[in-house]
Amino acid sequence: MKALQIEHLSKTYFKRDGPVVSDISLQVEAGKTLALLGESGSGKTTLLRLIAGLEHPDKGAILIGNQVVADTRTFVKPENRKVGLVFQNLALFPHLSIFDNVSFGLRGISRQEKAAKVEEVLTLVNLCGMENRFPHQLSGGQQQRVALARALAPKPEVILLDEPFSNLDSVLKNQVREEIKKILKQASATTIFVTHDTTDALLAADKIALMHHGRILQTGNPVEIYTNPSDENVARFFGKINTLHLHKTESGWHSEAGEHLNLPDKWTEDQLKIIFRPENVNLVKQSECGLAARLVASDYMGDHCLLTVSAGTPKFQPHLLFIKAPANHNYRAGNLVFFQIDFHKAKIILPSSG
Amino acid sequence: MALNKYRASRKITFNSWTVYLIVIVLVIAIPLLSIFFGLFKGPGQAWGHIQKNLLPDYVANSLVLVLGTGLLTTLLGVSTAWFVSTCDFTGRKFFEWALILPLAIPSYIIAYTYAGIFDYAGPVQIIFRQWFPDEVFAFDIMNIYGVIILLSFVLYPYVFATVRASFINQSRSMIESGRILGSTPWQVFYKLALPLARPAIFAGVSLVVMEVLNDYGAVKYFGVPTFTTGIFRAWFSLEDIQSAIFLSALLMGFVLFLLGLEQIQRGQRKYEQISNSFRAPARFQLKGIKRIATFIICLIPLLFGFIIPVLQLGFWANKTFEEVLGQEFWQMIVNSFSVAAVAAFLCVLVALILVYAVKLTRSYFSDVAARVANMGYAIPGAVIAVGVMIPILALDRYLTNFLERVTGNSTGLIISGTLLILIFAYLVRFLVVAFNPAEEGFKKIGWQLTEAGRTLGFSPFRCLVKINVPLMKAALVSGALLVFVDVLKELPLTLILRPFNFHTLATRAFELASDEMVAESANAALIIVLTGIIPIIILSKLISGNSFYESIAD
Numbered sequence: 001m002k003a004l005q006i007e008h009l010s011k012t013y014f015k016r017d018g019p020v021v022s023d024i025s026l027q028v029e030a031g032k033t034l035a036l037l038g039e040s041g042s043g044k045t046t047l048l049r050l051i052a053g054l055e056h057p058d059k060g061a062i063l064i065g066n067q068v069v070a071d072t073r074t075f076v077k078p079e080n081r082k083v084g085l086v087f088q089n090l091a092l093f094p095h096l097s098i099f100d101n102v103s104f105g106l107r108g109i110s111r112q113e114k115a116a117k118v119e120e121v122l123t124l125v126n127l128c129g130m131e132n133r134f135p136h137q138l139s140g141g142q143q144q145r146v147a148l149a150r151a152l153a154p155k156p157e158v159i160l161l162d163e164p165f166s167n168l169d170s171v172l173k174n175q176v177r178e179e180i181k182k183i184l185k186q187a188s189a190t191t192i193f194v195t196h197d198t199t200d201a202l203l204a205a206d207k208i209a210l211m212h213h214g215r216i217l218q219t220g221n222p223v224e225i226y227t228n229p230s231d232e233n234v235a236r237f238f239g240k241i242n243t244l245h246l247h248k249t250e251s252g253w254h255s256e257a258g259e260h261l262n263l264p265d266k267w268t269e270d271q272l273k274i275i276f277r278p279e280n281v282n283l284v285k286q287s288e289c290g291l292a293a294r295l296v297a298s299d300y301m302g303d304h305c306l307l308t309v310s311a312g313t314p315k316f317q318p319h320l321l322f323i324k325a326p327a328n329h330n331y332r333a334g335n336l337v338f339f340q341i342d343f344h345k346a347k348i349i350l351p352s353s354g
Numbered sequence: 355m356a357l358n359k360y361r362a363s364r365k366i367t368f369n370s371w372t373v374y375l376i377v378i379v380l381v382i383a384i385p386l387l388s389i390f391f392g393l394f395k396g397p398g399q400a401w402g403h404i405q406k407n408l409l410p411d412y413v414a415n416s417l418v419l420v421l422g423t424g425l426l427t428t429l430l431g432v433s434t435a436w437f438v439s440t441c442d443f444t445g446r447k448f449f450e451w452a453l454i455l456p457l458a459i460p461s462y463i464i465a466y467t468y469a470g471i472f473d474y475a476g477p478v479q480i481i482f483r484q485w486f487p488d489e490v491f492a493f494d495i496m497n498i499y500g501v502i503i504l505l506s507f508v509l510y511p512y513v514f515a516t517v518r519a520s521f522i523n524q525s526r527s528m529i530e531s532g533r534i535l536g537s538t539p540w541q542v543f544y545k546l547a548l549p550l551a552r553p554a555i556f557a558g559v560s561l562v563v564m565e566v567l568n569d570y571g572a573v574k575y576f577g578v579p580t581f582t583t584g585i586f587r588a589w590f591s592l593e594d595i596q597s598a599i600f601l602s603a604l605l606m607g608f609v610l611f612l613l614g615l616e617q618i619q620r621g622q623r624k625y626e627q628i629s630n631s632f633r634a635p636a637r638f639q640l641k642g643i644k645r646i647a648t649f650i651i652c653l654i655p656l657l658f659g660f661i662i663p664v665l666q667l668g669f670w671a672n673k674t675f676e677e678v679l680g681q682e683f684w685q686m687i688v689n690s691f692s693v694a695a696v697a698a699f700l701c702v703l704v705a706l707i708l709v710y711a712v713k714l715t716r717s718y719f720s721d722v723a724a725r726v727a728n729m730g731y732a733i734p735g736a737v738i739a740v741g742v743m744i745p746i747l748a749l750d751r752y753l754t755n756f757l758e759r760v761t762g763n764s765t766g767l768i769i770s771g772t773l774l775i776l777i778f779a780y781l782v783r784f785l786v787v788a789f790n791p792a793e794e795g796f797k798k799i800g801w802q803l804t805e806a807g808r809t810l811g812f813s814p815f816r817c818l819v820k821i822n823v824p825l826m827k828a829a830l831v832s833g834a835l836l837v838f839v840d841v842l843k844e845l846p847l848t849l850i851l852r853p854f855n856f857h858t859l860a861t862r863a864f865e866l867a868s869d870e871m872v873a874e875s876a877n878a879a880l881i882i883v884l885t886g887i888i889p890i891i892i893l894s895k896l897i898s899g900n901s902f903y904e905s906i907a908d
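Line by line, the protein sequences give chains R and F.
Per this note's numbering, numbering through the first sequence is continuous, rising by one, with the last residue being 354.
Per this note's numbering, numbering through the second sequence is continuous, rising by one, with the last residue being 908.
1. In the DSSP assignment, what residue or residues form a beta bridge with T772 of chain F?
2. State buried or exposed for Y710 of chain F, treating a residue as buried only when at least 16 other CB atoms are found within 10 Å of its CB.
3. Does the beta-carbon of V194 of chain R, which I'm using as the reference point, lie nearer than 7 Å to any heavy atom of the ligand MG?
4. Residues in the same chain with beta-carbon distance under 6 Å from I274 of chain R, minus the five sequence neighbours each way, listed in chain order, please.
5. Hey, does Q802 of chain F have any beta-carbon neighbour from chain R nearer than 8 Å?
6. For P135 of chain R, which of helix, strand or coil comes out of DSSP?
7. Decide if the stretch 433-452 of chain F is in contact with the stretch 837-856 of chain F; the criterion is three or more beta carbon pairs, one per stretch, under 8 Å apart.
8. Using three-state DSSP, classify F443 of chain F as helix, strand or coil.
9. For a test of the three-state rule: what should DSSP assign to M301 of chain R, helix, strand or coil?
10. With distances taken Cα to Cα, identify the nearest neighbour of L767 of chain F among F:V562, F:F784, F:I746, F:T761.
11. State the CB to CB distance for the pair F784 of chain F and V837 of chain F, rounded to an integer number of angstroms; the pair is presumed to be in contact (CB under 8 Å).
12. Grouping DSSP H, G and I as helix and E and B as strand, with all else coil, what is G334 of chain R?
13. Give the interface partners of E163 of chain R over in chain F, defined as CB-CB distance under 7 Å, in chain order.
14. Does the Cβ of A435 of chain F have 16 or more other Cβ atoms within 10 Å, making it buried, or fewer, making it exposed?
15. Between the C-alpha atoms of F638 of chain F and L679 of chain F, what's the straight-line distance to the nearest angstrom?
16. In whole angstroms, what separates the C-alpha of N369 of chain F from that of P814 of chain F?
17. Does the Cβ of I13 of chain R have 16 or more other Cβ atoms within 10 Å, making it buried, or fewer, making it exposed?
18. Measure the C-alpha to C-alpha separation of P511 of chain F and S461 of chain F and round it to an integer number of angstroms.
19. Whole angstroms is fine: what's the gap from P222 of chain R's alpha carbon to D200 of chain R's?
20. I'd like the list of long-range same chain contacts for L340 of chain R, defined as Cβ closer than 6 Å, with 5 residues on each side in sequence excluded.
21. Please report the straight-line C-alpha distance between L48 of chain R and T715 of chain F, rounded to a whole angstrom.
22. Assign F677 of chain F to one of three DSSP states: helix, strand, or coil.
23. Are there three or more Cβ pairs, one per stretch, closer than 8 Å when the stretch 246-253 of chain R is compared with the stretch 204-217 of chain R?
24. Identify the contact partners of T809 of chain F in chain R, using a Cβ-Cβ distance below 7 Å as the criterion.
25. Can we say the stretch 694-705 of chain F touches the stretch 493-504 of chain F, given the rule of at least three CB pairs closer than 8 Å?
26. Measure the CB-CB distance between A588 of chain F and S597 of chain F and report whether it falls below 8 Å.
27. Given a threshold of 16 other Cβ atoms within 10 Å of its Cβ, counted over all protein chains shown, does P19 of chain R qualify as buried or as exposed?
28. Is it buried or exposed for Y718 of chain F, if we count other Cβ within 10 angstroms and need 16 for buried?
29. N126 of chain R to V702 of chain F, Cα distance in whole Å?
30. Would you list the one or two residues that DSSP bridges to G220 of chain R?
31. For a cutoff of 8 Å on Cβ pairs, would you count I821 of chain F as touching chain R?
32. Using the rule of at least 16 other Cβ atoms within 10 Å of the residue's Cβ for burial, across every protein chain shown, is V839 of chain F buried or exposed?
33. Between the alpha carbons of I384 of chain F and L774 of chain F, how many angstroms are there, rounded?
34. List, in chain order, every chain F residue whose beta-carbon is nearer than 7 Å to that of N132 of chain R.
35. In or out: S188 of chain R buried (at least 16 other Cβ within 10 Å) or exposed?
36. Using a Cβ-Cβ cut-off of 8 Å, state whether K797 of chain F counts as contacting chain R.
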């Protein structure tokens, strides 16, 4: 069942800046978590605010559950939508206790029911016994969980989280991410969260929608989107990539990085552009028929080294490639290295024009 | 699914808050509009006389007053603000808040207090006669220069406060890098701090100028004809309403011109910087003669602007309170305080709705609307009084005619001359005084709490009541207090619009002083001054600015 459907949604704040959200369509299954991933200014927070009803869309429709909450004729005010929103800065009410914060959205029920519900969600977020404290008396991670509890308490159809991990330092961040993921699964809440951090998206989401300039470039589960990016921009977002232009001659395949390449038989085009990740390149011994390159730089990353090498044949300009290499080795700039590309893991972007 | 509760509502671009906004702005703009449309009726019969014989004096005197007080308050305000903000000397902490105290003394009170001090029976002449029995005392302060000096001594705190806030907010690293690059304190001041504080200086001086143009009591007492006294004269002595309208329009044009200048000045250079560290840069350590000189420079405005007049008022009050404090006096206090309290409450309420409506509707229109609604403070009280009276008199005439036709009896004027009119005029004039703290309060809370409330199912109105108002209590109370004291001090508006035989502390003090009963007037004056100290303490707290919620809301 779809908990949220968005159809051709557009929003423009100022004409001269162009649309902030441009013709976006999206669906989220009930109980699943979607990450809206993108750089700042890509329109992801605006999309979140449109869903919450804090902004009016110009075009398109939003359905929560099976009910239209926004289209050209309808606009349900935020207070009447069944959404929970956790703000980036949490927006806890500083003058209210944790109990009052969490019970804020619970109305029209008796005091006992209210207390029971608050206890239920506070148990869920592991904050029992904190009812009478005030937000400023809690740690950052605890405040985050109160905000989540407050949003969960009225049992919304969709929970929206705006950059939920961005205010936390890196150690706390890993811990909070795991906690929140667990809580949301336990509550089997349909969740959309906005982030600019690929790691957060890959680790916490069932599905990722990558946004750029107000559009969705690609939607897919983490494995799909990482290993099978729809284009160069998507691929680049998840880390360093290598590009190579290939063309077939009588003597075999040629590229900027070398000649006589061993390509999969299924590639039938004469001209190709491919992308592949640094981990799809392996260092080999000279005897193993590798391509040759000059080492330009090596960046020590702890568990591996990221090498930048300058490959190329005399015919071409030097071509830089990134190689993920074992860390336990002494790489020195200027050395000659040999490598092989795992073309089976490479991705064809388009038949190359030259 | 229990979705029936969340029924879809039709999209409304024109919501109820837009309506509140428009209604408030229209009502507040009544006085301005009535003066504007009054112009089309043409000048009155006395206009020729006014234009030929009086207007040149009004223009010249008002200009000289504005320029003189502008310069003198800049000198007093900037120098004291610099010393207090950046230097270390004896009594600095005391001066930080004490230098704002002269603001508690209304211009008309300082005027007649000093007139009394330099009077034949005053302390200056008594001492002079004792020391130089043979000479004639030839020092007259009852002229335009006297007005400039005296007004400057009570109005410089506007410049002091805004400039000091600017000095405090100037980034520590900027001042320190200036010093590391080898600038002397003096160079740091005029090359870095002063240019950066220029918008603040203009903002402070423009407040001073508005007060100067609003003043009626001081210039009237010292016999300096200005626009304000001219409006009174045209209205009451010449009984020529149209000429009063024309003078009001001219004065308003002058004020709008000055406001425009200030806006242009602000627009040209926008280096209002946000400093991340709230720690002030290390202070300049003053020693020896400099330390003493700084102390004296800071003491002078405080001495002349507050200590001497308050002592004199206290002396007079002590002499006369037995005969003055009676049934009538208490009635006057009750009158003043209750009118001020009602006006303060109303201003805060309207300001709250206005700020919230602007926030909710978020459009260019709402920004403009808020500006229009807040123009009242720039418009001299006498002008507002004229602008309020014209439509009310017309309405009253219509009502009485109507009632006469219906009942056959002639009733008197119904609305004019009631407290309602007076309070409405206060609302027009002092709305911005409550608006600014309210807006500041909203800024500090941030808009996200309201949005959080709405996603949790609260309507905008409930969010206002449940979230914003409790968090803004301090801002709202301080806004109310500021309005309260301003109303208590206000003279020209009250003089024109008060009901017959309705006395406030301000009007009574001024009347007694005008009737050569300065000593008797001191009792009422002292109450006004002492009440006026309360918001000054609030004001100084606002400048040093650390709010309880600030740290949490961020």
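Where is the CB? At the ideal position from N, CA and C, for every residue including glycine.
Based on what the coordinates show:
1. Partner(s): none; T772 of chain F has no beta bridge.
2. buried
3. You won't find the ligand MG in this model; it holds no ligand whatsoever.
4. L244, A346, I348
5. yes
6. helix
7. no
8. coil
9. coil
10. F:I746
11. 5 Å
12. coil
13. Under the 7 Å cutoff, chain F gives no residues; its nearest Cβ is about 13 Å from E163 of chain R.
14. buried
15. 50 Å
16. 11 Å
17. For the sequence presented, residue 13 of chain R should be read as Tyr rather than Ile. Y13 of chain R should be labelled exposed.
18. 13 Å
19. 11 Å
20. One detail in the question is off: residue 340 of chain R reads as Gln in this sequence, not Leu. Answer for Q340 of chain R: N282, V284, G290, listed in chain order.
21. 20 Å
22. Phe is not the amino acid found at residue 677 of chain F; the sequence shown has Glu there. In the structure shown, E677 of chain F sits in a helix (DSSP, three-state: H, G or I).
23. no
24. A52, P78, V83, G84, L85
25. no
26. yes
27. buried
28. exposed
29. 42 Å
30. R:I208
31. yes
32. buried
33. 15 Å
34. Residues of chain F passing the Cβ test: none, with the nearest at roughly 17 Å.
35. exposed
36. no
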